[in-house]
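K.L.:
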Amino acid sequence: MTEALMEIRGKIGHVLYRDEQTRYVVARFKLYELNEKLITVTGYLPEFPKDTLIALSGIYVEHPRFGMQFSIHSYHRILPTEPDSIMAFLSSPLFPGIGHKFAQEMVEYFGDDCLNILKQEPQRLQEIKGYTVKKLNALMEGLVNAGDDEEAIRFFTTHGLGIRNIMRLERVYGRKAYELVKENPYRLCDEVDGIGFKTADKLGLSMGFDLDDPRRLKAALVSMVLRECMSSGDTYILDETLKECFYKDFPEINFDDLLERCVLERKLIQVTQRIFHPSQYNEEKNSARFLQQFPYDLITPVNESDLVNSLDHLQAELNILYDPLQIQAIQNFFHEPFSILTGGPGTGKTTTVGAMIHLWKQLYPAHTLVCIAPTGRAAKRLTEINQVQAYTIHSMLKWDLESNTFGKNETDPLSADCLIIDEFSMVDNWLLGNLLKACQQVKKILIVGDSDQLPSVAPGNVLADLIDSQRFPVLSLNRIYRQAEGSDVIALAHQIRQKEIDFSTLNKDIKWFECTAMDVKHIVLETIKRALEGNYSIQDIQVLAPMYSGLAGIDALNHAIQKLVNPEDDFKTELKVGYVTYREGDKILQLKNQPNEDVFNGDIGYCIEIIHAKNDEHKQNRIIVDFDGRIVEYTAEIFQNITLAYCVSVHKAQGSEYPIVILPSVKEHSRMLQKRLLYTAITRASKALILVGNASLFIHSAQEKEERRRSTCLLEYLEAY
Numbered sequence: 116m117t118e119a120l121m122e123i124r125g126k127i128g129h130v131l132y133r134d135e136q137t138r139y140v141v142a143r144f145k146l147y148e149l150n151e152k153l154i155t156v157t158g159y160l161p162e163f164p165k166d167t168l169i170a171l172s173g174i175y176v177e178h179p180r181f182g183m184q185f186s187i188h189s190y191h192r193i194l195p196t197e198p199d200s201i202m203a204f205l206s207s208p209l210f211p212g213i214g215h216k217f218a219q220e221m222v223e224y225f226g227d228d229c230l231n232i233l234k235q236e237p238q239r240l241q242e243i244k245g246y247t248v249k250k251l252n253a254l255m256e257g258l259v260n261a262g263d264d265e266e267a268i269r270f271f272t273t274h275g276l277g278i279r280n281i282m283r284l285e286r287v288y289g290r291k292a293y294e295l296v297k298e299n300p301y302r303l304c305d306e307v308d309g310i311g312f313k314t315a316d317k318l319g320l321s322m323g324f325d326l327d328d329p330r331r332l333k334a335a336l337v338s339m340v341l342r343e344c345m346s347s348g349d350t351y352i353l354d355e356t357l358k359e360c361f362y363k364d365f366p367e368i369n370f371d372d373l374l375e376r377c378v379l380e381r382k383l384i385q386v387t388q389r390i391f392h393p394s395q396y397n398e399e400k401n402s403a404r405f406l407q408q409f410p411y412d413l414i415t416p417v418n419e420s421d422l423v424n425s426l427d428h429l430q431a432e433l434n435i436l437y438d439p440l441q442i443q444a445i446q447n448f449f450h451e452p453f454s455i456l457t458g459g460p461g462t463g464k465t466t467t468v469g470a471m472i473h474l475w476k477q478l479y480p481a482h483t484l485v486c487i488a489p490t491g492r493a494a495k496r497l498t499e500i501n502q503v504q505a506y507t508i509h510s511m512l513k514w515d516l517e518s519n520t521f522g523k524n525e526t527d528p529l530s531a532d533c534l535i536i537d538e539f540s541m542v543d544n545w546l547l548g549n550l551l552k553a554c555q556q557v558k559k560i561l562i563v564g565d566s567d568q569l570p571s572v573a574p575g576n577v578l579a580d581l582i583d584s585q586r587f588p589v590l591s592l593n594r595i596y597r598q599a600e601g602s603d604v605i606a607l608a609h610q611i612r613q614k615e616i617d618f619s620t621l622n623k624d625i626k627w628f629e630c631t632a633m634d635v636k637h638i639v640l641e642t643i644k645r646a647l648e649g650n651y652s653i654q655d656i657q658v659l660a661p662m663y664s665g666l667a668g669i670d671a672l673n674h675a676i677q678k679l680v681n682p683e684d685d686f687k688t689e690l691k692v693g694y695v696t697y698r699e700g701d702k703i704l705q706l707k708n709q710p711n712e713d714v715f716n717g718d719i720g721y722c723i724e725i726i727h728a729k730n731d732e733h734k735q736n737r738i739i740v741d742f743d744g745r746i747v748e749y750t751a752e753i754f755q756n757i758t759l760a761y762c763v764s765v766h767k768a769q770g771s772e773y774p775i776v777i778l779p780s781v782k783e784h785s786r787m788l789q790k791r792l793l794y795t796a797i798t799r800a801s802k803a804l805i806l807v808g809n810a811s812l813f814i815h816s817a818q819e820k821e822e823r824r825r826s827t828c829l830l831e832y833l834e835a836y
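Right, dumping it as structure tokens:
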């Protein structure tokens with residue numbers, strides 16, 4: 116049951132926090148009542164002239180750290196009715212040139228109904244002594260502006276747009292948002308990031324736009340290209356494939372004419388049979404062009420004898436003897452502006468990168484080196500292992516969630532001299548393009564990754580394309596150091612790489628339980644029981660699965676594991692959201708970025724409190740999660756941002772390591788079981804790997820089922836340049 120909204124009236128006082136991009140505000144609000152009580156309000160608001168009386172619709176919530184707050188759902192400005200308030204309003208900056216004296220004369224002449232009279236008949240201003248055309252224009256414009264926001268808010272909310280999306284429109288269009296969207300709601304797909312075809316179409320159809328309106332059809336086709344590329348990982352779609360997809364939804368529409376119009380308007384780009392969305396086409400082109408010209412500024416070459424001497428001293432200091440390939444990788448790093456380091460698990464990539472960082476500080480003490488990674492988890496591991504501050508790519512580029520743009524770019528580039536980018540297999544085409552735009556002052560780039568891992572979730576095959584271009588020095592480490600320590604997991608990873616899997620040689624850290632999908636749940640639960648009895652915690656154990664549905668899927672396993680490790684308890688509050696029951700103590704997975712709360716897609720935390728609506732003063736269900744000390748509160752509108760984390764997908768686990776990994780692989784998963792997915796999954800285990808299912812299916816999938824190579828153009832453009 117949705118909680119009823121309430122309305123409060125008053126004025127914005129001291130603004131505690133304002134995000135200029137999103138318009139998210141935390142402010143003190145003076146209630147319009149006898150005691151003028153101050154309360155804290157949070158939500159999306161524009162800036163109002165001082166002392167503007169406004170009404171806020173929303174609910175009271177109790178923040179776990181900051182106490183009671185009023186969460187804003189919508190707002191509207193209240194035109195004042197008392198003489199003093201009307202005079203203050205008419206002499207405010209909203210009406211430049213009118214002033215207090217003329218405002219007083221208007222109120223004395225027209226009375227308490229002054230504003231309504233002037234809104235209906237602004238020409239009556241001529242009846243007041245001191246009237247000028249300039250004052251009339253200021254009055255008319257001010258009254259229109261004072262009412263436009265409210266009319267727009269009413270219009271958009273009536274047609275299903277939330278306040279956050281309304282703020283997005285206001286940021287992009289300003290005061291023209293209302294008229295521009297009324298004219299063509301489908302322009303939002305192109306011009307307002309975060310609003311896709313589904314939202315624009317809901318708005319358009321509710322406004323009475325025809326199903327075959329050309330603006331709707333063009334937006335639908337562009338959206339289809341984006342959707343299909345995101346699904347396939349390709350950076351383009353072939354015209355015939357797009358045509359088939361389009362006719363499934365729009366069988367009566369002439370596809371060729373529609374595509375031609377989209378291409379002429381540059382909404383789509385066609386090169387022979389390839390159809391690109393401009394974002395993918397431009398980033399591939401720009402990346403290839405940048406890499407052809409990189410570096411724009413050279414760094415003073417290191418003296419070879421200095422490098423050799425420093426490396427010798429480092430080996431003596433650390434009691435390490437780097438192998439010839441590691442030494443070659445270090446030399447590539449110092450001698451080449453752009454180099455690539457690859458290798459499977461246990462081959463010494465981390466050790467080699469650590470040496471590079473150490474030597475850089477010695478040989479280039481006046482130059483900056485920055486380490487970055489695609490995810491917060493990968494950046495955290497980089498920091499812990501190499502004792503160097505690492506950042507996510509998005510945070511380094513000052514990413515803005517609302518506009519999906521970066522603060523660092525061609526006009527405001529990064530100031531680093533050297534970039535080391537780890538877990539590069541996860542970097543997609545669009546992210547690479549935006550990163551390189553900000554690298555004009557960077558003099559050296561090293562990318563580090565495992566080319567056998569899964570490619571990025573978003574379109575692109577960046578690491579493989581860069582390696583296959585043969586334009587950059589690539590060093591692939593192949594000596595397995597951790598295998599000498601008896602790591603079966605590392606041995607299996609390299610067997611998969613070589614397509615020669617033999618489980619008979621892997622009997623220490625890897626256990627196989629042969630079974631059907633029907634028995635997976637039982638074996639997984641028994642394995643977790645034994646691990647918990649052996650002094651492991653649930654934080655140490657991660658179940659990975661290729662699919663969400665089915666007996667051995669993520670949803671079923673999450674439900675079963677929850678019953679085992681965090682069962683129903685009279686002393687624990689729980690809340691059912693859809694088909695998922697959340698319980699205090701649950702392991703929670705973050706599904707979407709929430710930068711304001713410093714939590715990101717893939718983060719794992721623990722539910723510390725659930726508050727039922729019936730026990731809450733304002734009848735609101737809330738889930739409170741602890742992410743390593745960051746306390747985040749979820750209400751009904753963002754419950755979709757989380758799920759249970761006892762079992763997660765392999766993609767969500769990429770960039771992380773866990774002491775124990777349990778991986779089901781059964782016939783029901785066969786569509787998803789491919790070499791890269793299995794390789795990525797098993798290499799998440801740092802101590803033990805439990806495989807459950809069909810061994811012959813696992814071996815066949817890992818040895819024979821290569822993932823289809825994505826259709827991209829970066830390699831082609833690199834060769835052309």
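Quick note, in the numbering used here, the sequence shown goes up one by one and the last residue is 836. Beta carbons: idealized from backbone N, C-alpha and C, even for Gly. Nothing here was measured: the structure is a model prediction, and the numbers come from that model.
Going by beta carbon distance, what residues of the same chain come within less than 6 Å of Ala451, once the five residues before and after it are set aside?
P.N.:
One-based indexing of the sequence shown puts residue 451 at position 336. The identity of residue 451 in the sequence shown is Glu, whereas the question assumes Ala. Excluding residues within five positions, the ones whose Cβ falls inside 6 Å are Pro588.
K.L.:
If you compare alpha carbons, which of Val222, Gly182 and Phe270 is closest to Asp199?
P.N.:
Indexing the sequence shown from 1 puts residue 199 at position 84. The candidate whose alpha carbon is nearest that of Asp199 is Val222.
K.L.:
Under 8 Å, do Glu831 and Gln789 count as touching if we go by C-beta distance?
P.N.:
Within the sequence shown, numbered from 1, the residue matching residue 831 stands at position 716. Within the sequence shown, numbered from 1, the residue matching residue 789 stands at position 674. No. Outside cutoff.
K.L.:
Which same chain residues end up closer than 8 Å to Glu629 when comparing Cβ atoms and leaving out the 5 residues on each side of it in sequence?
P.N.:
Residue mapping note: residue 629 aligns to position 514 of the sequence shown, counting from 1. Closer than 8 Å at the Cβ level, and outside the excluded window around Glu629, lie Gly808, Asn809 and Ala810.
K.L.:
From what residue to what residue does the beta strand (DSSP E) around Thr750 run?
P.N.:
Locating residue 750 in the sequence shown gives position 635, counting from the first residue. Looking at the DSSP string, the run of the beta strand (DSSP E) that includes Thr750 is Arg745 to Thr750.
K.L.:
Can you tell me which of the three DSSP states Ala599 falls into?
P.N.:
Translated into positions along the sequence shown, residue 599 becomes position 484. Per-residue confidence for Ala599 stands at a pLDDT of 45, beneath the threshold of 50, marking its modelled position as unreliable; the derived number appears in the next sentence. Note: Ala599 maps to helix in three-state DSSP.
K.L.:
Which value, in whole angstroms, describes the spacing of the CA atoms of Arg612 and Ser420?
P.N.:
Position 497 of the sequence shown holds residue 612. Position 305 of the sequence shown holds residue 420. The alpha-carbon atoms of Arg612 and Ser420 are separated by roughly 37 Å.
K.L.:
Return the chain-ordered ranges of every beta strand (DSSP E) run that is complete within the segment 522-590 and spans a minimum of 3 residues.
P.N.:
Complete beta strand (DSSP E) runs here, min 3: 533-536 and 559-564.
K.L.:
I need the boundaries of the beta strand (DSSP E) containing Thr507, first residue and last residue.
P.N.:
Start at 1 with the first residue of the sequence shown, and residue 507 comes out as number 392. Ala505 to Thr507 is the extent of the beta strand (DSSP E) around Thr507.
K.L.:
Would you identify the three-state DSSP class for Leu353, choosing helix, strand or coil?
P.N.:
Your numbering for residue 353 matches position 238 in the sequence shown. Note: Leu353 maps to strand in three-state DSSP.
K.L.:
So, Ser540 versus Leu516, is the Cβ gap smaller than 8 Å?
P.N.:
Walking along the sequence shown from the start, residue 540 turns up at place 425. Walking along the sequence shown from the start, residue 516 turns up at place 401. Not closer than 8 Å, so no.
K.L.:
Report the residue ranges of all alpha helix (DSSP H) runs contained in full by the segment 588-660; include only those spanning at least 4 residues, in chain order.
P.N.:
Here the runs fully enclosed are 603-613 and 632-648.
K.L.:
Three-state secondary structure (DSSP) at Cys762?
P.N.:
As a first step, residue 762 must be located in the sequence shown, where it is residue number 647. Correct three-state label for Cys762: strand.
K.L.:
Among His727, Gly700, Tyr697 and Phe742, whose alpha-carbon lies nearest the alpha-carbon of Ile719?
P.N.:
Counted from its first residue, the sequence shown places residue 719 at position 604. For Ile719, the nearest C-alpha among the options comes from Phe742.
K.L.:
Rounded to the nearest angstrom, what separates Thr696 and Arg594 at their Cα positions?
P.N.:
Here the question's residue 696 lines up with position 581 in the sequence shown. Here the question's residue 594 lines up with position 479 in the sequence shown. Thr696 and Arg594: Cα-Cα distance of roughly 47 Å.
K.L.:
Where does Glu699 sit, in a helix, a strand or coil, going by DSSP?
P.N.:
In the sequence shown, counting from the first residue as 1, residue 699 sits at position 584. Reduced to three states, the DSSP call for Glu699 is coil.
K.L.:
Can you tell me whether Glu359 is helix, strand or coil according to DSSP?
P.N.:
Along the sequence shown, read from residue 1 onward, the residue named residue 359 stands at position 244. If DSSP states are grouped into helix, strand and coil, Glu359 belongs with the helices.
K.L.:
Using 8 Å as the threshold, is the segment 557-575 in touch with the segment 321-338, meaning 3 or more CB pairs across them?
P.N.:
They do not touch, by the three-pair rule.
K.L.:
From Met202 to Ile127, what distance separates their C-alpha atoms?
P.N.:
In the sequence shown, residue 202 corresponds to position 87, counting from 1. In the sequence shown, residue 127 corresponds to position 12, counting from 1. One C-alpha to the other measures close to 19 Å.
K.L.:
How long is the line joining the alpha carbons of Ala531 and Ile638, rounded to whole angstroms?
P.N.:
For the purposes of this step, residue 531 is identified with residue 416 of the sequence shown, where counting begins at 1. For the purposes of this step, residue 638 is identified with residue 523 of the sequence shown, where counting begins at 1. Roughly 50 Å separates the two Cα atoms.
K.L.:
Give the DSSP bridge partners of Val140, in chain order.
P.N.:
Here residue 140 refers to the residue found at position 25 when the sequence shown is read from its first residue. The partner list for Val140 (beta bridge, DSSP) reads Arg133 and Gly158.
K.L.:
Considering just the uninterrupted stretch of the beta strand (DSSP E) at Gly741, what are its terminal residues?
P.N.:
Locating residue 741 in the sequence shown gives position 626, where the first residue counts as 1. The question names Gly, yet the displayed sequence has Asp at residue 741. Residues Arg737 to Phe742.
K.L.:
Just the Cα atoms here: how many angstroms apart are Glu432 and Leu647?
P.N.:
Mapped onto the sequence shown, residue 432 falls at position 317. Mapped onto the sequence shown, residue 647 falls at position 532. In a straight line, the C-alpha of Glu432 is about 40 Å away from that of Leu647.
K.L.:
Below 8 Å, how does it come out for the segment 150-165 and the segment 204-216: are there three or more Cβ pairs, yes or no?
P.N.:
With a cut-off of 8 Å, the segment 204-216 and the segment 150-165 count as touching, because enough Cβ pairs lie within range.
K.L.:
Taking DSSP's pairing of strands, which residues face Arg404 in a bridge?
P.N.:
Sequence index remark: in the sequence shown, residue 404 carries index 289 (1-based). Note: Arg404 sits in no beta bridge, so no partner.
K.L.:
Under 8 Å, do Gln184 and Val140 count as touching if we go by C-beta distance?
P.N.:
Within the sequence shown, residue 184 is the residue found at index 69, counting from 1. Within the sequence shown, residue 140 is the residue found at index 25, counting from 1. No, they are not a contact pair.
K.L.:
Determine the direct distance from the alpha carbon of His727 to that of Pro682, and round the result to whole angstroms.
P.N.:
By 1-based counting over the sequence shown, the position of residue 682 is 567. By 1-based counting over the sequence shown, the position of residue 727 is 612. Using only the alpha carbons, I get a separation of about 18 Å.
K.L.:
Specify, as a first and last residue, the run of the alpha helix (DSSP H) that Ser425 falls within.
P.N.:
Counting from one through the sequence shown, the residue named residue 425 turns up at place 310. Segment Glu419 to Leu433, the alpha helix (DSSP H) holding Ser425.
K.L.:
Can you grab the Cα-Cα spacing for the pair Phe449 / Val417, in whole Å?
P.N.:
The count along the sequence shown starts at 1 and reaches residue 449 at position 334. The count along the sequence shown starts at 1 and reaches residue 417 at position 302. So the two alpha carbons sit approximately 7 Å from each other.
K.L.:
Quick one: using the 10 Å Cβ neighbour count with 16 as the cut-off for buried, is Val635 buried or exposed?
P.N.:
Translated into positions along the sequence shown, residue 635 becomes position 520. The residue is buried, with at least 16 neighbouring Cβ atoms inside 10 Å.
K.L.:
Grab me the residues of Trp545's own chain with a C-beta within less than 8 Å of its C-beta, minus the 5 sequence neighbours each way, in chain order.
P.N.:
Locating residue 545 in the sequence shown gives position 430, where the first residue counts as 1. Closer than 8 Å at the Cβ level, and outside the excluded window around Trp545, lie Ser394, Gln395, Glu398, Ala573, Pro574 and Gly575.
K.L.:
Identify, in the order they occur along the chain, each residue of the same chain with its Cβ nearer than 7 Å to the Cβ of His766, setting aside the five sequence neighbours on each side.
P.N.:
On the sequence shown, position 651 is the one that residue 766 refers to. Cβ within range, chain order: Leu569 and Val572.
K.L.:
Among the candidates Glu294, Phe324, Leu320 and Leu284, whose CA atom is the shortest distance from the CA of Asp305?
P.N.:
For this step, residue 305 is matched to residue 190 along the sequence shown. Selected option, being the one with the closest Cα: Leu284.
K.L.:
Taking Cβ to Cβ, would you say Leu120 is nearer than 8 Å to His188?
P.N.:
On the sequence shown, residue 120 is found 5 positions in, with the first residue counted as 1. On the sequence shown, residue 188 is found 73 positions in, with the first residue counted as 1. Their beta carbons are under 8 Å apart, which means Leu120 touches His188 by this criterion.
K.L.:
Would Ala481 and Ala494 qualify as a contact pair, given that the criterion is a beta-carbon distance under 8 Å?
P.N.:
Taking the first residue of the sequence shown as position 1, residue 481 is located at position 366. Taking the first residue of the sequence shown as position 1, residue 494 is located at position 379. No, these two residues do not count as a Cβ contact at 8 Å.
K.L.:
For Phe754 and Phe270, what's the separation of their Cα atoms in angstroms?
P.N.:
As a working note, residue 754 is residue 639 in the sequence shown. As a working note, residue 270 is residue 155 in the sequence shown. Approximately 27 Å between the Cα atoms of the pair.
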